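Colleague: Counting the sequence shown from 1 gives a position; my numbering is that position plus 84.
I'd like to ask you about the structure that follows.
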Amino acid sequence: MALADSDAVELADGRASLVVSPREGAAILRYDALRPGRAPTPLIKPSTGLLKFGSQLLIPWSNRISGGGFEFEGRFHALEPNVEGEPFPLHGDGFQRPWRLTRRTSTEMELVLEDGAIGPYRYHASVRYALEDGALAAVLTVENRATIRLPYGLGFHPWFPRSPRTLLQASARRVWLEDERHLPTAVVSLTSRPDWDFSQAARLPDTWVNNAFEGWDGRASIAQPDDAIMVMVDTVSTLDVFVLYSPARDADFFCFEPVSHTVDAHHTGGLATLEPGGSITAHMRIGWSDL
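Below, the structure written as structure tokens:
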């Protein structure tokens, strides 16, 4: 079978295994810890199909764009909704397109998307996944292939298992409030929302959370006592925002999304302006240790 025809590609290094689907947006289907004498432990929520669980790539932007599009440098660029049931364009189109597997070893793979195209965007993207002593290292790059300057963003969208005893630690300074359309309304200090302050390890709130947190230091930890495992997320400065999606106390998942900008940034700011041929890169590392 040719590399480009693979439905699922697996890596393993003895401490972890990773399964990626080139056809489904280069999404991660599984990422499991391998521990002697135990069944594989899911570090992210295993996929049950596209847009369900696992981890998706977010390019050429993250989250929603309101207003039917955006104005940039005196020109309005229209954008249609791209996800069924969503009134706004969401997460770009990288997760909706097949990628091509260009390189693979037992512990590393690289995939490319050569024809990204949504609204005014025309772009080339690549992602490298590697297992390094059980940790997952991901490097995502997007290059502007349009003939005009455009604002770009990117990020990662992992879904994590959740139990009543799951603890999250992630330090941020501010959080954006949202309205009933899941669009931002105002940014407030976390001192005014102590229930959303994860500077110390804390349980996830019982009620709905779907908010962008600014001023993140790029480090987070997720304690999973039921599995006796700690998951660590690390990024570099490109990704200084995280979006936390946690719908309810009885949900068996939550999303912790390292991204480069807040929700609806095409109208509020924070995107990277790329010249034709310009590019940006994001790094994320997910590691684990025994509790």
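C-beta atoms are modelled at their ideal positions from N, C-alpha and C, and glycine is treated no differently.
No experiment lies behind these values; they were computed from the predicted model shown.
(1) If you pair each beta-carbon of the stretch 194 to 202 with each one of the stretch 102 to 121, do three or more pairs fall below 8 Å?
(2) Please report the distance separating the alpha-carbon of Pro204 from that of Thr365.
(3) Would you call the stretch 240 to 256 and the stretch 305 to 316 touching, i.e. three or more CB-CB distances under 8 Å?
(4) Could you tell me the alpha carbon to alpha carbon distance between Trp393 and Gly371, rounded to whole angstroms?
(5) With DSSP as the reference, please indicate the residues paired to Asp279 in a beta bridge.
(6) Would Arg246 and Asp311 qualify as a contact pair, given that the criterion is a beta-carbon distance under 8 Å?
(7) Below 8 Å on the Cβ atoms is my guess for Ala222 versus Tyr213; work out the distance and round it to an integer in Å.
(8) Could you tell me which residues DSSP puts in a beta bridge with Pro268?
(9) For Asp290, count neighbouring Cβ atoms within 10 angstroms of its own Cβ and tell me buried if that reaches 16, exposed if not.
(10) How about His74 and Ser363: do their beta carbons lie closer than 8 Å?
(11) Identify, in the order they occur along the chain, each residue of the same chain with its Cβ nearer than 8 Å to the Cβ of Ala88, setting aside the five sequence neighbours on each side.
(12) Tell me which residue opens and which closes the alpha helix (DSSP H) that His351 is part of.
(13) Quick check on Pro242: does DSSP put it in helix, strand or coil?
(14) Roughly how many angstroms separate the alpha carbons of Asp348 and Arg99, rounded to a whole number?
(15) Name the one or two DSSP bridge partners that Ile112 has.
(16) Excluding the 5 residues flanking Leu288 on each side, which residues of the same chain have their C-beta closer than 7 Å to its C-beta?
(17) Buried or exposed, going by whether 16 or more other CB atoms sit within 10 Å of the CB of Ala296?
(18) Taking 8 Å as the cut-off, decide whether the C-beta atoms of Gly176 and Leu142 are in contact.
(19) Taking just the CA atoms, how far does Met316 sit from Pro120?
(20) Could you tell me which of Gly361, Phe154, Phe172, Pro182 sits nearest to Ala92, measuring between CA atoms?
(21) Output the distance between the C-alpha atoms of Val104 and Ala286, rounded to the nearest integer angstrom.
(22) Can you tell me whether Phe154 is buried or exposed, with buried defined as 16 or more other CB within 10 angstroms of its CB?
(23) Give me the Cβ distance between Leu95 and Glu192, rounded to the nearest whole Å; I'm assuming they're in contact under 8 Å.
Modeller: The answer reads as follows:
(1) Short answer: they touch.
(2) For the purposes of this step, residue 204 is identified with residue 120 of the sequence shown, where counting begins at 1. For the purposes of this step, residue 365 is identified with residue 281 of the sequence shown, where counting begins at 1. So the alpha carbons of these two residues sit roughly 20 Å apart.
(3) Output reads yes: the stretch 305 to 316 touches the stretch 240 to 256.
(4) Shown here, the chain extends from 85 to 375; a query on residue 393 therefore has no answer.
(5) Looking up residue 279 in the sequence shown gives position 195. DSSP, once it has assigned bridges, lists no residue as partnering Asp279.
(6) For this step, residue 246 is matched to residue 162 along the sequence shown. For this step, residue 311 is matched to residue 227 along the sequence shown. Not in contact: Arg246 and Asp311 (Cβ atoms no closer than 8 Å).
(7) Translated into positions along the sequence shown, residue 222 becomes position 138. Translated into positions along the sequence shown, residue 213 becomes position 129. Tyr213 and Ala222 do touch by the CB rule: their CB atoms are close to 5 Å apart, below 8 Å.
(8) Along the sequence shown, one-based indexing puts residue 268 at 184. Under DSSP, Pro268 shares a beta bridge with Glu262.
(9) What you label residue 290 is simply residue 206 of the sequence shown in a count that begins at 1. Per the 10 Å Cβ criterion, exposed.
(10) Outside the modelled stretch of the chain, which goes from 85 to 375, sits residue 74, for which no answer is possible.
(11) For the purposes of this step, residue 88 is identified with residue 4 of the sequence shown, where counting begins at 1. Note that Ala88 scores 47 on pLDDT, short of 50, meaning its location in the model is unreliable and no value can be drawn from it.
(12) Mapped onto the sequence shown, residue 351 falls at position 267. Counting along the chain, His351 sits inside the alpha helix (DSSP H) bounded by residues 349 to 352.
(13) Position 158 of the sequence shown, counted from the first residue, corresponds to residue 242. In the three-state DSSP reduction, Pro242 falls in the strand class (E or B).
(14) What you label residue 348 is simply residue 264 of the sequence shown in a count that begins at 1. What you label residue 99 is simply residue 15 of the sequence shown in a count that begins at 1. Distance between the alpha carbons of Asp348 and Arg99: 39 Å.
(15) Residue 112 sits at position 28 when you count from the first residue of the sequence shown. Beta-bridge pairing links Ile112 to Val104, Ser139.
(16) Position 204 of the sequence shown, counting from 1, holds the residue named residue 288. Answer for Leu288: Arg246, Thr250, Leu252, Ser330, Phe338, listed in chain order.
(17) Indexing the sequence shown from 1 puts residue 296 at position 212. Around the C-beta of Ala296, 16 or more other C-beta atoms lie within 10 Å, and the residue is accordingly described as buried.
(18) What you label residue 176 is simply residue 92 of the sequence shown in a count that begins at 1. What you label residue 142 is simply residue 58 of the sequence shown in a count that begins at 1. Contact: yes.
(19) As a working note, residue 120 is residue 36 in the sequence shown. As a working note, residue 316 is residue 232 in the sequence shown. Looking at the two C-alpha atoms, the distance is approximately 20 Å.
(20) For this step, residue 92 is matched to residue 8 along the sequence shown. Comparing alpha-carbon positions, the option among Gly361, Phe154, Phe172, Pro182 lying closest to Ala92 turns out to be Pro182.
(21) Taking the sequence shown and counting its residues from 1, the one referred to as residue 104 is at position 20. Taking the sequence shown and counting its residues from 1, the one referred to as residue 286 is at position 202. Taking C-alpha positions only, Val104 is separated from Ala286 by approximately 31 Å.
(22) As a first step, residue 154 is located in the sequence shown; it is residue number 70 there, counting from the start. By the Cβ neighbour-count rule, Phe154 is buried, with 16 or more other Cβ atoms within 10 Å of its own.
(23) The residue given as residue 95 occupies position 11 in the sequence shown. The residue given as residue 192 occupies position 108 in the sequence shown. The C-beta distance from Leu95 to Glu192 rounds to 7 Å, short enough to meet the 8 Å contact threshold.
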